[in-house]
Amino acid sequence: MCEVYNGKILDGRDKPIISALEYIREYLMRRIVKVLKVIEKSEGLLTPFAALKLETIKKDTAFYHVQWNGGDIFSVSGMPCRHAVAAIWNMATNGRRVGSLESWCNPIYTMARWKQVYAFKVNPINGRSLWVKSQVPTTLTPPNHHKQVGRPKKARKRSALEVEEMTHSGRLSKKHTKGKCGKCGHVGHNTRTCKGDGTV
Numbered sequence: 044m045c046e047v048y049n050g051k052i053l054d055g056r057d058k059p060i061i062s063a064l065e066y067i068r069e070y071l072m073r074r075i076v077k078v079l080k081v082i083e084k085s086e087g088l089l090t091p092f093a094a095l096k097l098e099t100i101k102k103d104t105a106f107y108h109v110q111w112n113g114g115d116i117f118s119v120s121g122m123p124c125r126h127a128v129a130a131i132w133n134m135a136t137n138g139r140r141v142g143s144l145e146s147w148c149n150p151i152y153t154m155a156r157w158k159q160v161y162a163f164k165v166n167p168i169n170g171r172s173l174w175v176k177s178q179v180p181t182t183l184t185p186p187n188h189h190k191q192v193g194r195p196k197k198a199r200k201r202s203a204l205e206v207e208e209m210t211h212s213g214r215l216s217k218k219h220t221k222g223k224c225g226k227c228g229h230v231g232h233n234t235r236t237c238k239g240d241g242t243v
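First residue of the sequence shown? That's 44 in my numbering, and the numbers climb one at a time after it.
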């Protein structure tokens with residue numbers, strides 16, 4: 044969640060505090076409206092992402108064989124894996140009441156919980172000229188500003204965990220990432236292995 048938050052406020056993080064808060068407020072307004080439009084078009088018990096993930100699990104389940112011992116039904120946390128889905132289907136085949144497969148998912152994946160999360164609305168506010176004047180007698184003056192040498196940094200500071208993952212060369216690991224060729228612009232190779240036609 045912190046990574047997503049840092050990514051979304053990148054354009055507003057270097058603004059003054061009031062302007063940065065206003066940037067975040069406007070983003071939340073747009074985000075909530077965008078999600079609500081998706082919710083209106085969605086059907087079923089689970090959210091679209093959860094439903095798509097469950098369909099993938101169902102396809103993988105077809106290759107599993109279950110040996111049932113006739114015991115009790117056990118609930119699962121999160122989303123049932125393909126092994127759990129195979130067991131649920133097997134219990135249904137043997138006459139056990141298991142309900143719909145979607146009902147075995149954690150409530151956090153349901154449409155009801157998704158609607159609950161985005162039920163709060165962020166309202167617009169009046170301009171700064173219409174704000175109520177503070178009755179506090181103390182006047183807060185801005186601190187003395189000294190312009191630093193060079194271009195100001197916009198990227199966030201890396202966490203201790205990220206620093207720990209740094210390689211000996213001083214760069215973050217590029218494992219599971221695909222590089223982009225600086226010559227032709229295609230993904231999957233670099234300038235050293237580029238053949239000029241966009242192929243690897």
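Cβ atoms here follow ideal geometry from the backbone N, Cα and C, with glycine treated the same way.
(message) Rounding to the nearest angstrom, what Cα-Cα distance links K221 and H232 in this structure?
(response) 8 Å
(message) Just to confirm, is the Cβ distance from Y161 to I52 under 8 Å?
(response) no
(message) Helix, strand or coil, according to DSSP, for K196 in the structure here?
(response) coil
(message) Rounded to the nearest angstrom, what separates E46 and R139 at their Cα positions?
(response) 44 Å
(message) Short of 8 Å in beta carbon distance, which residues of its chain neighbour L71, apart from the five on each side in sequence? Order them along the chain.
(response) V165
(request) Following the continuous alpha helix (DSSP H) through K137, name the residue where it begins and the one where it ends. (result) In the sequence under discussion, the amino acid at residue 137 is Asn, which differs from the Lys named in the question. Taken as a continuous stretch (DSSP letters only), N137 belongs to no alpha helix (DSSP H), as it is neither H nor E.
(request) Would you kindly work out how many angstroms separate the C-alpha atoms of L64 and N133, rounded to a whole number? (result) 53 Å
(message) Distance check for V128 and T104, CA to CA, integer angstroms please.
(response) 7 Å
(request) Pick out whichever of W147, S62, H188 has its Cα sitting closest to the Cα of A93. (result) Closest option to A93, Cα to Cα, is W147.
(request) Determine the direct distance from the alpha carbon of R171 to that of R68, and round the result to whole angstroms. (result) 14 Å
(request) Determine the burial state of L89: buried for a count of at least 16 other Cβ atoms within 10 Å of its Cβ, exposed for fewer. (result) buried
(message) In this structure, how does DSSP classify K238 when only helix, strand and coil are distinguished?
(response) coil
(request) May I ask which residues mark the beginning and end of the alpha helix (DSSP H) holding F106? (result) Note, F106: premise wrong, no alpha helix (DSSP H); not H, not E.
(request) Would you kindly work out how many angstroms separate the C-alpha atoms of L173 and L183, rounded to a whole number? (result) 20 Å
(request) Measure the alpha-carbon distance for K226 versus P91 and round it to whole angstroms. (result) 39 Å
(message) So, at 7 Å on beta carbons, what are the nonlocal neighbours of P186 in its own chain, with the 5 sequence-adjacent residues on each side left out?
(response) For P186, where only same-chain residues beyond five positions count, there are no Cβ hits under 7 Å.
(request) Just the C-alpha distance for G241 and S143, rounded to the nearest angstrom, thanks. (result) Only weak support exists for where G241 lies, its pLDDT of 49 falling under 50; the coordinates are left without a value.
(request) Give a single yes or no on whether P59 has its beta carbon closer than 7 Å to a heavy atom of the ligand FMN. (result) This structure lacks the ligand FMN; in fact it carries no ligand of any kind.
(request) Compare the beta carbon distance of Y66 and G50 with 8 Å and say whether it is the shorter of the two. (result) no
(message) Which same chain residues end up closer than 6 Å to K238 when comparing Cβ atoms and leaving out the 5 residues on each side of it in sequence?
(response) none
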